[in-house]
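Protein chains: 2
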Amino acid sequence: MNKYYEMLKQQNLKKTPKRVEILRIMKQSTSYFSPLEIWDLLKEKFQKVGLPTVYRILQQFQEIGIVSSIQKDNNQLYYFLCSIRQDHHHFICRKCHKVSCVQYCDFDNIKQLVEDQLGSKAETHFLQIEGLCKECRES
Amino acid sequence: MNKYYEMLKQQNLKKTPKRVEILRIMKQSTSYFSPLEIWDLLKEKFQKVGLPTVYRILQQFQEIGIVSSIQKDNNQLYYFLCSIRQDHHHFICRKCHKVSCVQYCDFDNIKQLVEDQLGSKAETHFLQIEGLCKECRES
DNA sequence: ATTGTAAACGAAAATCATTTTCGTTTATAG
DNA sequence: CTATAAACGAAAATGATTTTCGTTTACAAT
Numbered sequence: 004m005n006k007y008y009e010m011l012k013q014q015n016l017k018k019t020p021k022r023v024e025i026l027r028i029m030k031q032s033t034s035y036f037s038p039l040e041i042w043d044l045l046k047e048k049f050q051k052v053g054l055p056t057v058y059r060i061l062q063q064f065q066e067i068g069i070v071s072s073i074q075k076d077n078n079q080l081y082y083f084l085c086s087i088r089q090d091h092h093h094f095i096c097r098k099c100h101k102v103s104c105v106q107y108c109d110f111d112n113i114k115q116l117v118e119d120q121l122g123s124k125a126e127t128h129f130l131q132i133e134g135l136c137k138e139c140r141e142s
Numbered sequence: 004m005n006k007y008y009e010m011l012k013q014q015n016l017k018k019t020p021k022r023v024e025i026l027r028i029m030k031q032s033t034s035y036f037s038p039l040e041i042w043d044l045l046k047e048k049f050q051k052v053g054l055p056t057v058y059r060i061l062q063q064f065q066e067i068g069i070v071s072s073i074q075k076d077n078n079q080l081y082y083f084l085c086s087i088r089q090d091h092h093h094f095i096c097r098k099c100h101k102v103s104c105v106q107y108c109d110f111d112n113i114k115q116l117v118e119d120q121l122g123s124k125a126e127t128h129f130l131q132i133e134g135l136c137k138e139c140r141e142s
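Chains as they are written, first to last, in this note's numbering: chain F, 4 to 142; chain E, 4 to 142.
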């Protein structure tokens, strides 16, 4: 966890009990979480904790690169622990909601295609893959 | 527009003035629209038109494949006209919000990578590319 | 150890996009 | 022309996310 505490300190974010517990919760699981789910789990440890606190912390974690978010059709926020800096993408299991990093990025090729086809300059891209993870497809 | 009217008829959706006008508005532009923006433009033609109607029609258009939606950080809905059936992806200009289709899809390769790396079965994927379009980068 | 201060927090309310309900109107097939 | 399923508007509901603000806390400096 020291890596995360360092990242917090570098951004002038304090190592508070709520932040520590949210990190602990997210480290325990490979799934993505909604703010509400995190809140429910936080309440097991703290008698007083507000939902806005959860939203704030998750946003901050995303800003400093501790968590990433996934996109869903219902347009709600979901977060999972991922602080890999290298370009990569995520595979999400439809059934168990596990998130796995996929070491793959075709951005150089995409950039060139966009340049050739449209004359446009590609700056960022977002790729998300969904399906059934190894465990879920076997059961 | 006949193509769209055919698509409506096939799904038992009537060719109503509101649907016709929304199609006309979206055909006029290469940008994506929020439901609110569509509503504002609709109100120029109809004195009485509800925002839920706009939401309903855009949802239906998406379901039958007349429009696609894009993902933004603010988690709001944005739609643009696209009824290409072939696998492809979209380039979005950060500045003018124009959406262009990119004839490219690496899904077979992604499927194989996911299989090899994770043992998981990729079923769908979502790729969105952002940057500056030809016109905006030149100005 | 004490203190000053910026950061964090909780509670409550606000915001705001989106959806639902329901009674009325309309498109269109027969 | 009529029947009927679909569409619509108005109003209210929903529900996720954010803001405000007064209080508390972490922690660096003393």
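The beta carbon of each residue, even a glycine, is placed where N, CA and C say it ideally should be.
Computed from a prediction, not measured in an experiment: that's the story for all the values here.
Problem - Status (buried if at least 16 other CB within 10 Å, exposed otherwise) for Leu26(F) - result: buried
Problem - Euclidean distance between Cα positions of Ile41(F) and Arg22(F) - result: 11 Å
Problem - Whole alpha helix (DSSP H) elements within the region 14–67 of chain E, 4-residue minimum - result: 20–30, 38–45, 54–66
Handout entry: Beta carbon of Val102(E) nearer than 8 Å to that of His93(E)
Key = yes
Handout entry: In chain order, each beta strand (DSSP E) run of at least 3 residues that lies wholly inside the region 62–108 of chain E
Key = 70–73, 81–84, 92–96, 102–105
Exercise for the section: Hey, could you find the ends of the alpha helix (DSSP H) Cys136(F) is sitting in? Expected result: It is not in any alpha helix (DSSP H) - Cys136(F) carries neither H nor E in the DSSP assignment.
Handout entry: 7 Å Cβ cut-off: residues of chain E touching Lys6(F)
Key = Per Cβ cutoff of 7 Å: no residues; Lys6(F) is ~24 Å from chain E at best.
Practice task
Would you decide whether Leu39(F) is buried or exposed? Buried here means 16 or more other CB atoms lie within 10 Å of its CB.
Solution key: exposed
Practice task
List the residues of chain E whose Cβ lies closer than 8 Å to the Cβ of His128(F), in chain order.
Solution key: Leu130, Gln131, Ile132, Glu133
Problem - Outcome for Thr19(E) when other beta-carbon atoms lying within 10 angstroms are tallied against a minimum of 16 - result: exposed
Practice task
Please report how far the alpha carbon of Leu45(F) lies from the alpha carbon of Val57(F), in whole angstroms.
Solution key: 9 Å
Exercise for the section: Run down chain E in chain order and give the residues with a C-beta less than 9 Å from the C-beta of Arg140(F). Expected result: Gly122, Ser123, Lys124
Handout entry: Sufficient close CB pairs (3 or more, under 8 Å) joining the region 123–140 of chain F to the region 122–132 of chain E
Key = yes
Handout entry: Any C-beta of chain F under 8 Å from that of Gln74(E)
Key = yes
Practice task
Name, please, each residue of chain E whose Cβ falls closer than 7 Å to the Cβ of Ser37(F).
Solution key: Neighbours of Ser37(F) on chain E: none; closest Cβ ~12 Å, over 7 Å.
Exercise for the section: Measure from the alpha carbon of Tyr8(E) to the alpha carbon of each residue in Gln106(E), Ile67(E), Asn78(E), Glu47(E), then state which is nearest. Expected result: Ile67(E)
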